[in-house]
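Trainee: Questions regarding the structure given below will be posed in turn.
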Amino acid sequence: MQEIIETLQLYLSRPFVQYALIVGVLIALCSSLLGVTLVLKRFSFVGDGLSHVAFGAMCVAQVVGLSKNMFIIMPVTIIAAILLLCFGQNAKVKGDAAIAMVSVAALAFGYLIVNLFANSPNVSGDVCSSLFGSTSILTLKPEEVWVCVGLSLLVVIFFVLFYNRIFAITFDEGFSRAVGVKAGLHNFLIAVVIAVIIVLAMNLVGSLLISALIVFPALSAMRLFNSFKKVTIASAIFSVVCTVIGLFAAILKGTPVGATIVAVDVILFAICFVIGLFKGGFKIGKAI
Amino acid sequence: MSLITVNNLTLGYNSTPILSDLNFSVEEGDYLCIVGENGSGKSTLMRTLLHLQKPLGGTIVFSNGLKQNEIGYLPQQTSIQKDFPASVYEIVLSGCQSRLGWRLFYNSSDKELARKNMERMNVLSLAKRSFRELSGGQQQRVLLARALCSTQKVLLLDEPISGLDPKVTAEMYELISNLNKEGITIIVISHDIGAALTYSKHILHLGKETFFGTKKDYLSSPLGKLFVSQSKEDK
Chain A
41 MQEIIETLQL YLSRPFVQYA LIVGVLIALC SSLLGVTLVL KRFSFVGDGL SHVAFGAMCV
101 AQVVGLSKNM FIIMPVTIIA AILLLCFGQN AKVKGDAAIA MVSVAALAFG YLIVNLFANS
161 PNVSGDVCSS LFGSTSILTL KPEEVWVCVG LSLLVVIFFV LFYNRIFAIT FDEGFSRAVG
221 VKAGLHNFLI AVVIAVIIVL AMNLVGSLLI SALIVFPALS AMRLFNSFKK VTIASAIFSV
281 VCTVIGLFAA ILKGTPVGAT IVAVDVILFA ICFVIGLFKG GFKIGKAI
Chain B
21 MSLITVNNLT LGYNSTPILS DLNFSVEEGD YLCIVGENGS GKSTLMRTLL HLQKPLGGTI
81 VFSNGLKQNE IGYLPQQTSI QKDFPASVYE IVLSGCQSRL GWRLFYNSSD KELARKNMER
141 MNVLSLAKRS FRELSGGQQQ RVLLARALCS TQKVLLLDEP ISGLDPKVTA EMYELISNLN
201 KEGITIIVIS HDIGAALTYS KHILHLGKET FFGTKKDYLS SPLGKLFVSQ SKEDK
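As you go down the protein sequences, you meet chains A and B in turn.
The working numbering applies: residue 41 is where the first sequence begins, and numbers increase by one.
The working numbering applies: residue 21 is where the second sequence begins, and numbers increase by one.
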């Protein structure tokens, strides 16, 4: 035990671990806040679809040779989010089918483009690291940390300021529209924020695992708590704690960061699920 | 002068009309019941009255200073709400969202209004309970309290008793009727013609033939007689 603490202290004194912690905690916080809304609106898969779009955009950015990937990934993902969340409901192709189409198409074209035009010697290694998250979280530069801190703060501020409206629209969009609230505008803002979170989270866990970061803390919290406020707060705490534990475990054991964090999230969900059953607040059928 | 006047209204989706040339009016303090078979356009009419959907033709005029956001709405419950983690208080308070305007947070008068309406609907003791744990009747009363937070004047109720047992249904109608006596104008969509006839003042029947008039006239009209006897047979 003593040994582990000493090793952790040693790592914590290194700037790259400090950066990873800051960025990890902020991303975990942001993704869990909006995760509650996404899960409750039955949009869990939007996160997944968007992360594939972000992957496709990143491939294009790599091929084009942009040094700042963010400039191409962010707008593309935001546009995809707006299309899926704001127009997906009334379009000719219904929501879930649209997500499936867009996400696999982006994935396929991204991989294709990288293979056709790549100038890197290790294409599959690059692809694997952007799909499953790489050690890139441990190689962050200070300016990347500042971008992440800035965007995360914006997301948190947005969420706090619009908390009441987000709740109202999540619970009953029809009612909100009926009493004259501009639900469309709010959905638009939520879509933009979700896209921002997903692009940020790609650094941490890679694009295949982002959904886990969005979905699991919310679901864990929903097993245990009964009000929207408590679920939101618990979800944020769960997410941050899991990410910190996962990060340290990954550093100590040398496991992949993204997969380790998600594994911790899954274990916490299993624990919450069992506690939820014992609390007996609701039936097994309902719990799933 | 009427509170809501509907002139030559044509309703439908994607420019396919399902109802045309609809004319009726709602007076202040009225209790209008909208009946008709499934697919006759009842819910479409309600969505149009709430401006959730544009009419294909005709006009809806609000008068007596009634504003769009002063209509309380009790929608049919959605599947999302069945397992939604929200407390009764959070839901009722969200009825004040139209009062927010440019404000971001609810103030003490919003909270007081929510408390008053929970008391009115007899759900104050449930304030901290989770919505998803409540019985169907309790859930409807919570949603009614939310609707009351957004209106002093008009309530639109979309199938308020669907899925409720007979005893709770009777209580629900009693509650709605009391609100009407307090001066709130009620517009209710219902399958349940029996209750419609007990409580309402005017009837709007939608379908191949439409009827609008007082309850007494409806009962003596051929359309009304036919519909009432059919509904009795169904039971």
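Virtual Cβ for every residue (Gly too), placed ideally from N, Cα, C.
Once DSSP output is grouped into helix, strand and coil, what is the label at Ile204/B?
Mentor: Three-state DSSP puts Ile204/B in coil, outside helix and strand.
Trainee: Would Gly92/B be called buried (16 or more neighbouring beta carbons within 10 Å of its own) or exposed?
Mentor: Buried.
Trainee: Could you work out which residues of chain A lie near Ala106/B, taking near to mean beta carbons separated by less than 7 Å?
Mentor: The answer, in chain order, is Phe211, Ser267 and Phe268.
Trainee: In chain B, which residues lie less than 7 Å from Met262/A when you measure between Cβ atoms?
Mentor: The contacting residues are Pro105.
Trainee: How is Thr300/A classed by DSSP in three states: helix, strand or coil?
Mentor: In this structure, Thr300/A counts as helix in the three-state DSSP scheme.
Trainee: What number of angstroms, rounded off, separates the C-alpha of His222/B from the C-alpha of Ser249/B?
Mentor: In a straight line, the C-alpha of His222/B is about 19 Å away from that of Ser249/B.
Trainee: Taking only runs of the alpha helix (DSSP H) that begin and end inside the region 188-238 of chain B, which ones reach a length of at least 4 residues, in chain order?
Mentor: Listed in chain order, they are 213-219.
Trainee: What residues in its chain sit with their C-beta under 7 Å from that of Val65/A, if we drop five residues either side in the sequence?
Mentor: Taken in chain order, the residues that qualify are Val280, Thr283 and Val284.
Trainee: In angstroms with no decimal places, state the Cα-to-Cα distance between Tyr238/B and Lys245/B.
Mentor: So the two alpha carbons sit approximately 8 Å from each other.
Trainee: Can you tell me whether DSSP reads Asp103/B as helix, strand or coil?
Mentor: Coil, per DSSP.
Trainee: Determine the burial state of Met262/A: buried for a count of at least 16 other Cβ atoms within 10 Å of its Cβ, exposed for fewer.
Mentor: Buried, by the Cβ-count rule.
Trainee: At the 8 Å Cβ level, is Ser88/B part of the contact set with chain A, yes or no?
Mentor: Here residue 88/B is Gln; the residue named in the question, Ser, does not match the sequence. It does: the Cβ of Gln88/B has a partner Cβ on chain A nearer than 8 Å.
Trainee: Is Ala94/A close to chain B? Criterion is C-beta to C-beta, closer than 8 Å.
Mentor: Output row for Ala94/A: interface = no.
Trainee: Can you tell me whether Phe309/A is buried or exposed? The criterion is at least 16 other CB atoms within 10 Å of its CB, across all chains shown.
Mentor: Phe309/A comes out buried.
Trainee: Do we get a CB-CB distance below 8 Å when we pair Ser216/A with the residues of chain B?
Mentor: Closer than 8 Å to some Cβ of chain B, the Cβ of Ser216/A qualifies, so yes.
Trainee: Kindly give me the distance between the Cβ atoms of Ile301/A and Leu292/A, rounded to whole angstroms, as I take these residues to be in contact under 8 Å.
Mentor: Not confirmed; about 14 Å, so no contact.
Trainee: Can you look up Ser45/B in the DSSP assignment and give me helix, strand or coil?
Mentor: Ser45/B: strand per DSSP, three-state reduction.
Trainee: In chain A, which residues lie less than 8 Å from Tyr238/B when you measure between Cβ atoms?
Mentor: By Cβ distance, chain A contributes nothing, its closest Cβ being about 28 Å from Tyr238/B, past 8 Å.
Trainee: For the region 280-310 of chain A, enumerate the residues whose C-beta is nearer than 8 Å to any C-beta of chain B, in chain order.
Mentor: Per Cβ criterion, the list is empty.
Trainee: Should Pro95/B be flagged as near chain D, meaning a C-beta pair shorter than 8 Å?
Mentor: No chain D is part of this structure, whose protein chains are labelled A and B.
Trainee: Apply the 10 Å Cβ neighbour rule to Lys62/B and answer buried if 16 or more other Cβ atoms are within range, or exposed otherwise.
Mentor: So Lys62/B ends up on the buried side.
Trainee: Using only alpha-carbon positions, find the residue among Ala216/B, Gln158/B and Ser114/B that is nearest to Ala218/A.
Mentor: Nearest C-alpha to Ala218/A: Ser114/B.
Trainee: Tell me, to the nearest whole angstrom, how far the beta carbon of Phe256/A is from that of Val233/A; I am working on the premise that it is less than 8 Å.
Mentor: Wrong, their Cβ atoms sit about 19 Å apart, outside the cutoff.
Trainee: What residues of chain B sit near Arg82/A, judged by a beta carbon separation below 7 Å?
Mentor: The answer, in chain order, is Ile100.
Trainee: Based on Cα-Cα distance, which residue from Asn243/A, Ala120/A, Val306/A and Leu225/A lies nearest to Ser170/A?
Mentor: Closest by alpha carbon: Asn243/A.
Trainee: What does Gly246/A touch in chain B if you count any residue whose Cβ is under 9 Å from its own?
Mentor: In chain order: nothing, as chain B lies at least about 29 Å away.
Trainee: Our contact map puts Ala223/A next to Ile206/A with C-beta atoms below 8 Å; I'd like the distance itself, whole angstroms only.
Mentor: That belief does not hold up - the Cβ atoms of Ala223/A and Ile206/A are roughly 11 Å apart, past 8 Å.
Trainee: Of the residues Lys187/B, Pro186/B and Ile207/B, which one's Cα is nearest the Cα of Ile196/B?
Mentor: Comparing Cα-Cα distances from Ile196/B to each of Lys187/B, Pro186/B and Ile207/B, the minimum goes to Ile207/B.
Trainee: Residues in its own chain within less than 6 Å of Ile80/B by CB, not counting five upstream and five downstream?
Mentor: So the qualifying residues of the chain are Val26.
Trainee: In chain A, which residues lie less than 7 Å from Gln172/B when you measure between Cβ atoms?
Mentor: Per Cβ cutoff of 7 Å: no residues; Gln172/B is ~13 Å from chain A at best.
Trainee: Quick one, which of Gly214/A, Thr77/A, Gly75/A and Ile254/A has its alpha-carbon nearest His71/B's?
Mentor: If we check each option's Cα against that of His71/B, Gly214/A comes out closest.
Trainee: Bridge partners for Thr30/B per DSSP, in chain order?
Mentor: Looking at the DSSP assignment, Thr30/B forms a beta bridge with Gly77/B.
Trainee: Can you pull the chain A residues whose beta carbon is under 8 Å from the beta carbon of Ile91/B, in chain order?
Mentor: Here the neighbours are Ala218 and Val219.
Trainee: Counting only beta-carbon atoms, is Gln117/B nearer than 8 Å to chain A?
Mentor: So yes, Gln117/B belongs to the interface.
Trainee: Could you check the C-alpha separation between Ala235/A and Met114/A for me, to the nearest Å?
Mentor: Their backbone Cα atoms lie some 7 Å apart in a straight line.
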